[in-house]
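Quick mapping for you: the protein sequence lines, in order, are chains G and W. Per full-length UniProt numbering, the first sequence starts with residue 1, numbered consecutively. Per full-length UniProt numbering, the second sequence starts with residue 1, numbered consecutively. We put the CB at the ideal spot given by N, CA and C, even for glycine. Quick caveat, the model's predicted, so the values are computed rather than measured. Contents: one structure, followed by commentary.
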Amino acid sequence: MAFSFPDEVLEHVFSFIQSDKDRNAVSMVCKSWYEIERWCRRKVFVGNCYAVSPRMVIRRFPEFRSIELKGKPHFADFNLVPDGWGGYVFPWIEEMAGAYPWLEEIRLKRMVVTDESLELIAKSFKNFKVLVLSSCEGFSTDGLAAIAASCKNLKELDLRDCEVDDLSAHWLSHFPETYTSLVSLNISCLGSDEVSFSALERLVGRCTNLKTLRLNRAVPLDKISNILRHAPQLVEFGTGTYTADVRPDVYSDLAGAFSSCKELKSLSGFWDVVPDYLPAIYPVCSKLTSLNLSYATIQSPDLIKLVSHCPNLQRLLVLDYIEDSGLEVLASSCKDLQELRVFPSDPFGAEPNVSLTEQGLVAVSLGCPKLQSVLYFCRRMSNEALVTIARNRPNFTRFRLCIIEPKTADYLTLEPLDVGFGAIVQYCKDLKRLSLSGLLTDRVFEYIGTYAKKLEMLSVAFAGDSDLGLHHVLSGCESLRKLEIRDCPFGDKALLANAAKLETMRSLWMSSCAVSFAACKLLGQKMPRLNVEVIDERGPPDSRPENCPVDKLYIYRSIAGPRCDMPPFVWTMDEDSGLRL
Amino acid sequence: MERRVNYENDLNLMATELSLGLPGCGDDEPQRKTNPSIRNNKRTAPEISEVSSSESSSSITMSGSDDQDSPPPAKEQVVGWPPIRSYRKNCLQSSKRNEVEGMGMYVKVSVDGAPYLRKIDLKVYRSYPQLLKALENMFKLTIGAYSKREGYNGSDYAPTYEDKDGDWMLVGDVPWEMFISSCKRLRIMKGSEARGLGCV
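As structure tokens, then:
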């Protein structure tokens with residue numbers, strides 16, 4: 001005899017289940033659970049905006065309040081995806097505007113957002129609360145003005161890493177005087193057009209719940225004191241340009257203002273930093289858990305001094321000016337460190353300009369027991385160091401190493417770095433994300449296929465010898481969702497042999513590899529639930545022999561069929577194997 | 001795939017970079033198209049004949065031995081490598097320039113036919129569309145849209161810049177960061193001379 005709980009009870013139980021993975025699992029138990037779950041799902045996550053159509057999402061989840069969408073492939077961050085490729089949010093906004101007036105949150109990553117879209121959001125959703133645009137482009141301050149003017153309940157406006165057309169600094173003034181609900185504001189990406197400081201100060205002053213404020217570079221140092229005094233409750237703060245003529249009164253103002261912020265946990269900004277003003281933040285350093293100094297062009301001694309004041313640091317972003325010596329100090333001072341990103345100060349220089357080597361990474365891996373996420377740019381590496389790092393820190397979940405010169409061998413033995421990365425995947429059993437660099441043969445992929453069972457995202461560049469490399473990864477990495485490859489000699493064989501695997505992944509990007517147009521057509525023909533898109537700015541791929549390699553290839557699973565918004569340089573390989581020109 | 005493609009010292013231009021040869025492969029083995037005499041994606045003057053693609057097969061194993069043109073720049077840049085976001089590169093560029101060269105990012109802008117020049121700060125902009133719009137506003141003219149194939153074809157104006165080697169290049173061909181680091185001055189060409197460039 002089958003008992004079942006009333007729907008309301010199940011719904012109540014499901015309300016404690018927030019993660020998408022779990023929700024998806026719940027929905028697959030049986031038909032009635034599917035039905036109940038879909039009516040009470042409040043947050044929808046779409047990892048690839050072309051994998052499903054807006055209408056399909058709305059049909060299945062009639063009452064969601066929050067949506068997160070991702071558009072362009074990750075390599076778009078490095079200019080590998082030509083302008084106009086796609087990722088337009090407008091069709092989504094249009095459908096949702098019609099379907100739900102009660103949408104509250106929109107989070108977008110790598111999408112093209114127009115002013116029209118922003119205006120439609122402002123007009124359509126009366127209880128709109130959260131807008132997070134991450135690495136988006138296509139809009140101007142006019143669109144922001146529309147949001148500011150209409151969204152009376154807006155809590156969060158976060159424009160991290162966006163490209164915004166700065167038409168007018170006055171958009172901030174469009175927040176009405178009665179508006180006080182702002183909790184989080186991130187305008188760090190805005191350009192040099194000066195933000196209206198008085199509007200900013202008034203806004204900050206009346207929004208007493210403001211917890212996060214990230215200013216843009218244009219806000220001068222002497223304005224910060226005032227802003228901080230208006231918002232001593234801030235938890236996260238990003239300065240503007242951190243430079244000014246050294247004046248004692250400005251300094252003491254600043255130090256005093258920082259001291260008054262007893263809740264500050266995260267600092268960022270620090271463009272053009274002048275070392276003399278850094279000690280102003282010392283009063284808050286002991287509570288800091290997150291510090292972004294990746295724009296701070298200060299030298300190692302100043303960085304060391306700063307870092308030594310922050311024993312509770314969990315997250316540090318810094319330039320390679322910190323050098324090995326600075327990382328050694330970090331390793332001994334910051335035992336709670338979980339994430340470290342070291343960016344290159346001179347990425348295009350032929351010679352190293354700072355003394356940052358594999359030793360720094362070894363030191364941190366040894367000294368920081370909680371370290372799990374690393375992004376590290378350096379100029380030399382050895383298998384020995386990588387093996388040491390892997391042994392020291394088996395709890396890595398994200399390991400991204402960029403040795404600046406492609407195909408750089410182990411500097412001690414001149415061998416490929418296969419063994420080193422092999423150790424990383426062997427020891428770090430929970431590794432979810434890996435980026436490779438340096439001289440690598442098919443061997444490293446064999447290690448990855450054998451050991452990296454939890455790996456979800458792999459980035460490969462200038463590596464491998466043959467299709468065997470790609471085959472190892474596609475056949476071995478059970479949890480693989482995203483694979484992005486550039487400039488590797490991987491061709492048709494591995495791709496076609498593992499075609500079924502591609503339907504278990506979100507997407508595959510291959511550029512400057514050796515996949516022929518014929519193989520793309522075949523794949524498109526055989527796999528109707530994959531969108532196989534060829535990106536080629538040289539012209540139609542069928543104007544060249546079939547065995548010619550395509551320039552760029554983006555394959556992703558989709559239940560929405562081929563998309564209709566492709567620019568002239570993108571061709572989809574559909575079942576008719578004809579070209580849609 | 002027996003032959004190992006030699007990437008060392010190779011510029012390894014992405015095939016999407018401008019290549020003046022006819023598209024097409026001479027070999028049955030897939031190969032990269034690199035063009036030895038057009039290393040840095042410079043658009044050469046119309047008189048120089050197009051380099052045909054059959055030359056590109058020899059360029060695969062070029063290994064930097066090609067010394068025909070001017071000495072290669074200190075670091076040949078591969079598109080999108082190292083993998084750093086543009087806004088980081090721009091930020092470093094401007095700090096470095098200010099520290100090292102001390103000249104900031106101000107460059108002169110001339111427009112054919114205008115009585116005097118203007119100066120703009122390149123570090124204010126983060127992309128070509130932003131820069132072009134600013135130029136259009138400053139000089140009250142229309143430059144229009146850029147296309148890889150046709151340049152600014154159709155427009156009366158073509159924005160050009162003088163690069164580190166002293167060559168006059170069409171604005172828009174190279175990645176923005178590369179442009180920023182090599183642009184010394186801008187000239188907006190007008191009329192038939194401008195239209196001529198668009199037909200290359």
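Spatial distance of residue i from residue j (CA atoms)
| i | j | result |
| --- | --- | --- |
| Pro-567/G | Phe-270/G | 39 angstroms |
| residue 648/G | Ser-196/G | Chain G is shown only over 1 to 581; residue 648/G falls outside these bounds and no answer can be derived. |
| Pro-352/G | Ser-345/G | 10 angstroms |
| Ala-146/G | Arg-481/G | 37 angstroms |
| Leu-431/G | Asp-158/G | 29 angstroms |
| Phe-421/G | Leu-172/G | 48 angstroms |
| Leu-186/W | Lys-108/W | 6 angstroms |
| Arg-544/G | Asp-565/G | 24 angstroms |
| Lys-407/G | Asp-165/G | 38 angstroms |
| Glu-116/G | Thr-141/G | 12 angstroms |
| Ser-15/G | Lys-152/G | 27 angstroms |
| Ser-65/W | Trp-168/W | Annotation note: pLDDT 41 at Ser-65/W (below 50); position unreliable, coordinate value reported separately. Straight-line Cα distance between these residues: approximately 26 angstroms. |
| Arg-85/W | Val-29/G | 43 angstroms |
| Met-138/W | Ala-169/G | 18 angstroms |
| Val-52/G | Arg-59/G | 11 angstroms |
| Glu-177/G | Arg-393/G | 52 angstroms |
| Ala-560/G | Arg-529/G | 9 angstroms |
| Trp-102/G | Leu-182/G | 19 angstroms |
| Glu-575/G | Val-112/G | 28 angstroms |
| Val-9/G | Ser-27/G | 15 angstroms |
| Arg-149/W | Thr-142/W | 19 angstroms |
| residue 585/G | Leu-375/G | No information on residue 585/G is available, as it lies outside the stretch 1 to 581 that chain G covers here. |
| Leu-412/G | Gly-172/W | 42 angstroms |
| Asp-7/G | Arg-41/G | 14 angstroms |
| Leu-361/G | Met-189/W | 51 angstroms |
| Val-505/G | Glu-533/G | In the sequence as displayed, the identity of residue 505/G is Met instead of Val. Those two C-alpha atoms are separated by around 15 angstroms. |
C-beta neighbour in chain B for residue i, strict 8 angstroms
| i | result |
| --- | --- |
| Gly-98/G | As a matter of chain content, chain B is missing from the structure shown, whose protein chains are G and W. |
Three-way DSSP call (helix, strand, coil) for residue i in this model
| i | result |
| --- | --- |
| Glu-163/G | strand |
| Lys-335/G | coil |
| Ile-404/G | coil |
| Arg-433/G | strand |
| Cys-183/W | coil |
| Met-138/W | helix |
| Thr-450/G | helix |
| Pro-129/W | helix |
| Ser-27/G | helix |
| Met-56/G | helix |
| Ala-158/W | strand |
| Ile-120/W | strand |
| Glu-193/W | helix |
| Ser-355/G | coil |
| Arg-88/W | helix |
| Met-573/G | strand |
| Asn-392/G | helix |
DSSP beta-bridge partners of residue i
| i | result |
| --- | --- |
| Ile-555/G | Leu-508/G and Val-532/G |
| Met-527/G | DSSP output for Met-527/G lists no bridge partner at all. |
| Asn-186/G | Asp-158/G and Arg-214/G |
| Ala-514/G | Gly-491/G |
| Glu-137/G | Val-112/G and Glu-163/G |
| Pro-549/G | Ser-516/G |
| Glu-105/G | Ser-66/G and Val-130/G |
| Val-46/G | Leu-69/G |
Rounded distance between the beta-carbons of residue j and residue i, thought under 8 angstroms
| i | j | result |
| --- | --- | --- |
| Pro-489/G | Gly-464/G | 6 angstroms |
| Leu-330/G | Leu-337/G | 7 angstroms |
| Lys-126/G | Glu-156/G | Actually they do not touch by this definition, with Cβ atoms about 17 angstroms apart. |
| Glu-137/G | Glu-119/G | So it is not a contact: roughly 17 angstroms between Cβ atoms. |
| Gly-240/G | Leu-213/G | Not quite, the Cβ-Cβ distance comes to about 11 angstroms (not below 8 angstroms), so this is no contact. |
| Leu-291/G | Leu-319/G | Leu-291/G to Leu-319/G, Cβ: 12 angstroms. No contact. |
Assess, as a yes-or-no matter, whether the segment 432-443 of chain G is touched by the segment 456-475 of chain G under the definition of 3 or more beta carbon pairs within less than 8 angstroms. yes
Assess, as a yes-or-no matter, whether the segment 536-554 of chain G is touched by the segment 41-48 of chain G under the definition of 3 or more beta carbon pairs within less than 8 angstroms. no
With three or more beta-carbon pairs closer than 8 angstroms as the criterion, would you say the segment 90-98 of chain G touches the segment 70-81 of chain G? no
Evaluate contact between the segment 411-429 of chain G and the segment 440-454 of chain G, counting only Cβ atoms and requiring at least three cross-stretch pairs below 8 angstroms. yes
Contact the segment 377-387 of chain G vs the segment 396-412 of chain G: 3+ CB pairs below 8 angstroms: yes
Can you confirm whether the segment 113-127 of chain W touches the segment 147-162 of chain W when touching is taken to mean that 3 or more C-beta pairs between the two stretches lie within less than 8 angstroms? no
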